[in-house]
Amino acid sequence: MNKIVTLLAFLIFGFTQAQQLNCIVTINTERLPNPNQQVFKTLQTALSEFVNKTDWTGSVLKQNERINCSMYITLSSNSSDQFTGTIQVQSSRLIFNSTYSSPVLNYNDKDFNFKYTEYEPLLFNPSVYESNLVSVISFYSYLILGMDADTFQMGAGNQYLETAQNIANVAQQGGFKGWNQSDGLQNRYYLINDMVSPMFSDLRQVTYAYHTGLDGMSLDLKTSKEKVKNAILIIGRLNTVKPNAFLTRIFFDAKSDEIVSIFSGGPSIPISDLTDVLNKVSPLNSSKWSQIKF
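Numbers 288 to 581, taken from the numbering used here, label the letters of the sequence shown in order.
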């Protein structure tokens, strides 16, 4: 009897330990002329199990502590075992003392090409190149972990972002687009290298300060709005040194709607300096910024 209890405890502990992400994986095949739905159903299930059951960190998390995220894969072409498409990666985290989830990442990777044979095992080893499919999914899993950790403590995401960078470096040998400096100015190579660069450490600190403001809103809404505003103003100062930075775009792709919501209701604070900065650092969202009326 004791052996059975011990075994059950081990299995439960192992199952809990092996999950840090609560990720919804979706594969859209509408652009394919004659898709083999069975293959894509198998792939979607395999990817979902891979992301959600891989032990990315070794941390033991309860169900409500796991990071809510999604990976939406849109396939545009395929030939035999080769596939071309995009992957939209999103993640969010709960705000303290509320049921509100704040978006942390909202990124559309347009260079998602891979090979896949039905039922092939998806195995992760950070130091070994297995396939571009495994590399891309593992890369974004660690990016999600790193960016989420940064919202709770300055620099807390370092170890996860460094693992993502290592995955990116190892994946270069596969020859797929998105991992190399020569593949464009806004790809996985620049995304992770900017993330870990000291040049952009202040922007990661902004992420922490911003979410600290959000976490305080249930206690003091006006003061917390000031904190969020001050965090955004720092981006304005950083923009004078590094204008049109990739990571600045990443930040506002996730946060633009939330920012409009924060500053369009509740207690009023001065925002003329805020809207000036928003229009300078993220002009593509100017139509959204015009909705801020205080």
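Idealized CB from N, CA, C, for every residue including glycine.
Nearest-angstrom Cα separation, counted from GLY471 out to PRO554: Within the sequence shown, residue 554 is the residue found at index 267, counting from 1. Within the sequence shown, residue 471 is the residue found at index 184, counting from 1. PRO554 and GLY471: Cα-Cα distance of roughly 43 Å.
Between the C-alpha atoms of LYS580 and ASP368, what's the straight-line distance to the nearest angstrom? If you number the sequence shown from 1, residue 580 lands on position 293. If you number the sequence shown from 1, residue 368 lands on position 81. LYS580 and ASP368: Cα-Cα distance of roughly 52 Å.
Cβ neighbour criterion (16 or more within 10 Å) applied to ILE582: The requested residue 582 is not part of the displayed model; the chain covers only 288 to 581.
I need the DSSP call for PRO413, collapsed to helix, strand or coil. Stepping through the sequence shown from its first residue, residue 413 is reached at position 126. Coil.
To the nearest angstrom, how far is the alpha carbon of LYS340 from that of GLN306? Sequence index remark: in the sequence shown, residue 340 carries index 53 (1-based). Sequence index remark: in the sequence shown, residue 306 carries index 19 (1-based). Whole-angstrom Cα-Cα distance: 5 Å.
Just reading off the alpha helix (DSSP H) that LEU348 is part of, what are its end residues? Mapped onto the sequence shown, residue 348 falls at position 61. First-last for LEU348: undefined, no H or E at that position.
How about VAL423 and PHE401: do their beta carbons lie closer than 8 Å? Residue numbering aside, residue 423 sits at position 136 when the sequence shown is read from its first letter. Residue numbering aside, residue 401 sits at position 114 when the sequence shown is read from its first letter. Yes.
Can you tell which of VAL483, SER574 and LEU334 has the C-alpha that lies nearest to the C-alpha of GLU449? For the purposes of this step, residue 449 is identified with residue 162 of the sequence shown, where counting begins at 1. Measuring from the Cα of GLU449, the nearest candidate turns out to be VAL483.
PRO485 - DSSP class collapsed to helix/strand/coil: Taking the sequence shown and counting its residues from 1, the one referred to as residue 485 is at position 198. Helix.
Kindly indicate which three-state DSSP category GLY503 falls into: helix, strand or coil? Numbered from 1 along the sequence shown, position 216 holds the residue referred to as residue 503. Looking at GLY503 - three-state DSSP - the assignment turns out to be coil, as it is neither helix nor strand.
8 Å contact criterion, which ILE521 and ASP560 should meet: CB distance rounded: Within the sequence shown, the letter at position 234 stands for residue 521. Within the sequence shown, the letter at position 273 stands for residue 560. Not quite, the Cβ-Cβ distance comes to about 12 Å (not below 8 Å), so this is no contact.
Could you give the C-beta distance for LEU409 and ARG353, rounded to a whole number, given that I count them as a contact under 8 Å? Within the sequence shown, residue 409 is the residue found at index 122, counting from 1. Within the sequence shown, residue 353 is the residue found at index 66, counting from 1. About 20 Å separates the two Cβ atoms, so there is no contact after all.
Please report how far the alpha carbon of PHE383 lies from the alpha carbon of GLN331, in whole angstroms. On the sequence shown, residue 383 is found 96 positions in, with the first residue counted as 1. On the sequence shown, residue 331 is found 44 positions in, with the first residue counted as 1. Distance between the alpha carbons of PHE383 and GLN331 is about 33 Å.
For the region 502–509 and the region 539–559, state whether three or more C-beta atom pairs, one from each stretch, are separated by less than 8 Å. yes
Any contact between the region 385–398 and the region 463–477? By contact I mean 3 or more CB pairs, one from each, below 8 Å. yes
Starting from the C-beta of SER418, find all residues in its chain whose C-beta is less than 7 Å away, skip the five residues before and the five after it, and write them out in chain order. One-based indexing of the sequence shown puts residue 418 at position 131. Closer than 7 Å at the Cβ level, and outside the excluded window around SER418, lie PHE401 and LYS402.
Collapsed DSSP secondary structure at ASN572 in the structure displayed: Position 285 of the sequence shown holds residue 572. Here ASN572 sits in helix by DSSP.
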